[in-house]
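Q: Chains as they are written, first to last, in our numbering: chain C, 8 to 142; chain H, 8 to 142; chain S, 8 to 142; chain G, 8 to 142.
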């Protein structure tokens, strides 16, 4: 998260009225969750019973894409379109919740699903926190 | 749109209860809008007064990312997570509306903004149509 | 492809020394191939023997990501970094070739793989053409 | 990088013959560089003389996209397409080198460019290291 915070500090529009710490935490959580979901989808695909993991893989891929886009949009402070920020945070929270639920149901069997569920819950919470602070 | 429709027809889960035509139209509109917003952001950046186009560029970039993610998620029928589909369509509609408004305000001056506003309005309408049909 | 061409025409840097028609064709092929590969990966995932399609799915996902990035980079004319354009075109050609080969081996069994192989071959050829014209 | 390593450890194909540590370092560097370049592009856009930063912004955006795609492809171990891995690493190294050079030329004036140049150099080095280890 260090580099995320450093870049926010160096931004000409850093006084944008959004809680800087929650913003940095959410950006970091989005990128982490996106990478983890990409890894989990691929790990599921390499399991002997990959066919039974189809829903999990698809859910992972959706979550990976939404988290990435959310992380990028939160990184951009120039446009200041609050309605879009709010809408993408809601979509991200929803995707993370769904993916966490799906992965939790395989967590006892697959360590990658357990780790992925944790990353999704962290990202869901970070989106929630940031959404609340936006008012 | 032909290739989008052909791929939907060839999908094992093509009977997923979503209006096939509206789905194909929305996927195609998302990819087209994403490419157009990417092009508009870059064209704005090459204008002599690029500095004055900062908001437009940032809005274009956000819209390009959201449209892409929306187009990808709509393309995936395996997961069947309706709540995520609905949330990303709402975010996409919001991003397209905001980007269309911004680009429309430069449409008389910049042909790329005029074309981009049109693509955004098409995508906004396609998201709206698909959302309504989801019930 | 119409909207790609229209946006290139409207770009302040349209006289950038790259063959305009080949550029438009390659951008359109990249976006089409990316959508098709995303659809093929998901269709494979919904097949009864999804487990046997693991390599195909993974190859599709890689190709979808590279095509998208290539389509976006080609859309940006402001930076004019020829070395990057060349390198990403080479990566895209390689990914399309590999994905076409993989999908062709399932083309008789799965219509989505047949269609995807075709899209990959078109994109491979478009990258090749553009690369040659860059000198 | 911790979560990247943990996910690699949990992957069924973790014995894929690629140096695990260099792979994890490169994935982490790609995601970090992508986020940093996205932030730098946006910060440049908010500078009073954004118009003069057009090349830097465009270079940042290209680098952000290539790093992301590279990070995702490296995360997928199922496909094992070495030729594609090599090609995307070469493209990423090229993009990072170019972006580092561009940002270094503004490093004295803009802290975000200084930080971004550092992230690009780290990612360039990580790609180089991984490429060498692939043989």
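Glycine included, each C-beta is placed from N, C-alpha and C at the ideal position.
Here the structure is a predicted model, which means the values were calculated and not measured.
#1: Return no unless some Cβ of chain G is closer than 8 Å to the Cβ of residue 116 (chain H).
#2: For residue 102 (chain C) and chain H, any beta-carbon pair shorter than 8 Å?
#3: Listing by chain order, which chain S residues have their CB less than 9 Å from the CB of residue 112 (chain C)?
#4: Output, in sequence order along the chain, the residues in the segment 52–70 of chain S whose CB is closer than 7 Å to any CB in chain G.
#5: Would you kindly report the start and end of the unbroken alpha helix (DSSP H) that includes residue 72 (chain C)?
#6: Throw me the rounded Cβ distance for the residue 70 (chain H) and residue 40 (chain H) pair, which I believe falls under 8 Å.
#7: Against residue 97 (chain S), what residues of chain G qualify as contacts under a CB-to-CB distance less than 9 Å, listed in chain order?
#8: Quick one: is residue 49 (chain H) near chain G, going by C-beta distance under 8 Å?
#9: Between which two residues does the alpha helix (DSSP H) carrying residue 49 (chain C) extend?
#10: From S:12, S:33 and S:25, pick the residue whose C-alpha is nearest to that of residue 135 (chain S); which is it?
#11: For the segment 74–85 of chain G, list every residue whose C-beta sits within 9 Å of some C-beta in chain C, in sequence order.
#12: Along chain G, which residues have their Cβ under 7 Å away from the Cβ of residue 105 (chain S)?
#13: Where does the unbroken alpha helix (DSSP H) through residue 89 (chain G) begin, and where does it stop?
#14: Name, please, each residue of chain S whose Cβ falls closer than 7 Å to the Cβ of residue 20 (chain H).
#15: Pair every Cβ in the segment 11–28 of chain C with every Cβ in the segment 117–130 of chain S, then say whether three or more of these pairs are closer than 8 Å.
#16: Quick check on residue 105 (chain S): buried or exposed, where buried means 16 or more other Cβ atoms within 10 Å of its Cβ?
#17: On the three-state DSSP scale, how would you describe residue 86 (chain C)?
#18: Under 8 Å, Cβ to Cβ, is there at least one residue of chain G near residue 1 (chain S)?
#19: Return yes when the Cβ of residue 9 (chain S) is within less than 8 Å of the Cβ of residue 86 (chain G), no when it is not.
#20: Keeping to the same chain, check which residues put their C-beta closer than 7 Å to that of residue 43 (chain G); ignore five residues upstream and five downstream.
#21: At a CB-CB cut-off below 7 Å, which residues of chain S make contact with residue 126 (chain H)?
#22: Let me check understanding here. Comparing Cα to Cα, which of G:73, G:79 and G:78 lies closest to residue 96 (chain S)?
#23: Please confirm if residue 46 (chain G) has its CB atom under 8 Å from at least one CB of chain C.
#24: What is the residue span of the alpha helix (DSSP H) that residue 10 (chain H) lies within?
#25: Output yes or no for whether 8 Å exceeds the beta carbon distance between residue 52 (chain H) and residue 64 (chain G).
#26: Which residues in the same chain have their Cβ closer than 8 Å to the Cβ of residue 119 (chain S), if we skip the five residues on either side of it in sequence?
#27: Are the C-beta of residue 138 (chain C) and some C-beta of chain G separated by less than 8 Å?
#28: Quick one: does residue 39 (chain C) have its CB under 8 Å from some CB of chain G?
A: For this structure:
#1: In the second chain, the residue the question calls residue 116 (chain H) occupies position 109. Residue contact check for residue 116 (chain H) against chain G: no CB pair falls below 8 Å.
#2: Counted from its first residue, the first chain places residue 102 (chain C) at position 95. Yes, its Cβ sits closer than 8 Å to a Cβ of chain H.
#3: Here residue 112 (chain C) is taken as the residue at index 105 of the first chain, counted from 1. Those within 9 Å of residue 112 (chain C) in chain S number zero; the least Cβ separation is about 18 Å.
#4: 61, 62, 65, 66, 68 and 69
#5: Numbered from its first residue, the first chain carries residue 72 (chain C) at position 65. Note, residue 72 (chain C): alpha helix (DSSP H), 61–82.
#6: To locate residue 70 (chain H), count along the second chain from 1; it is residue 63. To locate residue 40 (chain H), count along the second chain from 1; it is residue 33. Sure, about 7 Å apart at Cβ, within 8 Å.
#7: The count along the third chain starts at 1 and reaches residue 97 (chain S) at position 90. 94, 97 and 98, listed in chain order.
#8: Residue 49 (chain H) sits at position 42 when you count from the first residue of the second chain. Closer than 8 Å to some Cβ of chain G, the Cβ of residue 49 (chain H) qualifies, so yes.
#9: Along the first chain, read from residue 1 onward, the residue named residue 49 (chain C) stands at position 42. Element bounds for residue 49 (chain C): 27–53.
#10: Against the third chain, residue 135 (chain S) aligns to sequence position 128. The option with the nearest alpha carbon to residue 135 (chain S) is S:33.
#11: 75, 78, 79, 82, 83, 84 and 85
#12: Reading the third chain from its first residue, position 98 is the one you call residue 105 (chain S). The contacting residues are 88, 90 and 91.
#13: Your numbering for residue 89 (chain G) matches position 82 in the fourth chain. Residue 89 (chain G) -> alpha helix (DSSP H) spans 89–111.
#14: One-based indexing of the second chain puts residue 20 (chain H) at position 13. Ordered by position in chain S, the residues that pass the 7 Å Cβ test against residue 20 (chain H) are 53.
#15: Segments in contact, no.
#16: Working through the third chain from its first residue, we reach residue 105 (chain S) at position 98. So residue 105 (chain S) counts as buried.
#17: By one-based count along the first chain, residue 86 (chain C) stands at place 79. Correct three-state label for residue 86 (chain C): coil.
#18: With chain S covering only 8 through 142, there is no way to say anything about residue 1 (chain S).
#19: Translated into positions along the fourth chain, residue 86 (chain G) becomes position 79. Translated into positions along the third chain, residue 9 (chain S) becomes position 2. Not a contact, by the Cβ cut-off of 8 Å.
#20: Translated into the one-based positions of the fourth chain, residue 43 (chain G) becomes position 36. Cβ neighbours of residue 43 (chain G) beyond the five flanking positions: 122, 123 and 126.
#21: As a working mapping, residue 126 (chain H) is identified with position 119 in the second chain. Chain S residues near residue 126 (chain H): 10.
#22: Locating residue 96 (chain S) in the third chain gives position 89, where the first residue counts as 1. Of G:73, G:79 and G:78, the residue nearest in Cα terms is G:73.
#23: Reading the fourth chain from its first residue, position 39 is the one you call residue 46 (chain G). Yes, because at least one Cβ of chain C sits closer than 8 Å to the Cβ of residue 46 (chain G).
#24: For the purposes of this step, residue 10 (chain H) is identified with residue 3 of the second chain, where counting begins at 1. It spans 9–16 - the alpha helix (DSSP H) in which residue 10 (chain H) sits, taken as one unbroken run.
#25: If you number the second chain from 1, residue 52 (chain H) lands on position 45. If you number the fourth chain from 1, residue 64 (chain G) lands on position 57. Closer than 8 Å, so yes.
#26: Position 112 of the third chain, counted from the start, is the residue given in the question as residue 119 (chain S). Cβ neighbours of residue 119 (chain S) beyond the five flanking positions: 46, 47, 50 and 51.
#27: On the first chain, residue 138 (chain C) is found 131 positions in, with the first residue counted as 1. Not closer than 8 Å to any Cβ of chain G, the Cβ of residue 138 (chain C) fails to qualify, so no.
#28: One-based indexing of the first chain puts residue 39 (chain C) at position 32. Interface residue, yes.
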